[in-house]
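Shown next, in the form of structure tokens:
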């Protein structure tokens, strides 16, 4: 791996010219936070992020010193120009463009190129160096059209109602749950959100985002209602009446429902699929690529296509729903 003037990686990415950590999972003096998922945040002393991410950090970690940026807004820091662009992943998620000494580095964080109903579309920009998330960097993870996935999910829920079952949708509390809620609500379903999901949904709503119609879970689910919870939530419901449904990109693997301990799994993700990863590279046209949070085979694939590519770290998101 060639030595870089702009960054180094040792358990966390750090931008050298400004001594700024990026999505570090342990406390730093200064850090850019691309989005507020738990595996990208820590109790940093000073944070650079979007206003939406700042609100979510306040909800999850409490108040802290924050410098917020709007999408497309730049800040000049010790001779380095930093600009954030939408990542299409969850509320406030941002890509970071770093410009220094004639070089442009784009850090994607987690991203998704497909259209979302609850976050603005991703906006990758040209760069010389690309540091990209590659969670679904294997060709088996080519997701079907999302309209088809949700049509199948809605049909399945209707059959479960006929059987007297309670559909329980497992979706990460930040991002996935709001997108699923909006799509199911638009399909005419009555939704019940677990408190942890509802709290995040209210942050979305405070920024004018429509997450659909819902009520907050009070321990009961009425006939014809769909319960949305985050994975791992303990429920005091009659188990033989519930049907646990995961919505996750890992559903492309036939063994996913057994590995995840659910009754059904539908392939829907807030990450880019394999084709989305390749599309991002074509849009950015970098000189060199560093892949994170993904399999080593993705880097070998890129190298076989003529790209100079390296794996920056080891996979860390294989269990993320």
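In the working numbering, the protein residues as written are 439 to 759. No residue lacks a Cβ here, since even glycine has one placed at the ideal position from N, Cα and C.
Which partner residues does residue i have in the DSSP bridge list?
| i | result |
| --- | --- |
| residue 729 | 570 and 749 |
| residue 381 | The question about residue 381 has no answer here: the residues shown for the chain are numbered 439 through 759. |
| residue 537 | 519 and 542 |
| residue 702 | 683 |
| residue 741 | In the DSSP output, where bridge partners are listed per residue, residue 741 has none listed. |
| residue 447 | 451 |
| residue 629 | 652 and 664 |
| residue 532 | 524 |
| residue 470 | 460 and 486 |
Which residue marks the beginning of the alpha helix (DSSP H) containing residue i, and which one marks its end?
| i | result |
| --- | --- |
| residue 587 | 584 to 600 |
| residue 505 | No alpha helix (DSSP H) contains residue 505, which is instead part of the beta strand (DSSP E) from 503 to 507. |
| residue 636 | 633 to 644 |
For residue i, which three-state DSSP category applies?
| i | result |
| --- | --- |
| residue 757 | The predicted model places residue 757 with a pLDDT of 34, which falls under 50 and marks its position as unreliable; any figure quoted below should be read in that light. Note: residue 757 maps to coil in three-state DSSP. |
| residue 735 | helix |
| residue 671 | coil |
| residue 490 | helix |
| residue 452 | strand |
| residue 722 | helix |
| residue 615 | helix |
| residue 512 | strand |
| residue 495 | helix |
| residue 555 | coil |
| residue 476 | helix |
| residue 484 | strand |
| residue 689 | helix |
| residue 711 | coil |
| residue 697 | helix |
| residue 548 | coil |
| residue 580 | coil |
| residue 442 | coil |
What's the C-alpha gap between residue i and residue j?
| i | j | result |
| --- | --- | --- |
| residue 724 | residue 544 | 9 Å |
| residue 547 | residue 702 | 29 Å |
| residue 427 | residue 500 | Nothing about residue 427 can be reported from this structure: the residues present for the chain run from 439 to 759 only. |
| residue 522 | residue 635 | 27 Å |
| residue 764 | residue 488 | As displayed, the chain neither begins before 439 nor continues past 759, which places residue 764 out of reach and without an answer. |
| residue 511 | residue 592 | 40 Å |
| residue 608 | residue 631 | 11 Å |
| residue 497 | residue 623 | 25 Å |
| residue 443 | residue 459 | 15 Å |
| residue 561 | residue 726 | 19 Å |
| residue 665 | residue 655 | 8 Å |
| residue 461 | residue 711 | 21 Å |
| residue 611 | residue 539 | 40 Å |
| residue 589 | residue 465 | 43 Å |
| residue 731 | residue 478 | 11 Å |
| residue 743 | residue 737 | 10 Å |
| residue 747 | residue 741 | 6 Å |
| residue 615 | residue 537 | 35 Å |
| residue 468 | residue 551 | 29 Å |
| residue 597 | residue 455 | 58 Å |
| residue 520 | residue 657 | 46 Å |
| residue 754 | residue 449 | With a pLDDT of 39 at residue 754, under the threshold of 50, the modelled position of that residue is not reliable, and the figure given next carries that caveat. Going from the Cα of residue 754 to the Cα of residue 449 covers about 12 Å. |
Does the beta carbon of residue i sit closer than 8 Å to a beta carbon anywhere in chain B?
| i | result |
| --- | --- |
| residue 716 | The chain labelled as chain B is not found in the depicted structure, where only one protein chain is given. |
Could you round the C-beta distance between residue i and residue j to whole angstroms and report it? I think they count as a contact, below 8 Å.
| i | j | result |
| --- | --- | --- |
| residue 734 | residue 749 | 5 Å |
| residue 531 | residue 472 | 6 Å |
From which residue to which residue does the beta strand (DSSP E) around residue i run?
| i | result |
| --- | --- |
| residue 458 | 458 to 460 |
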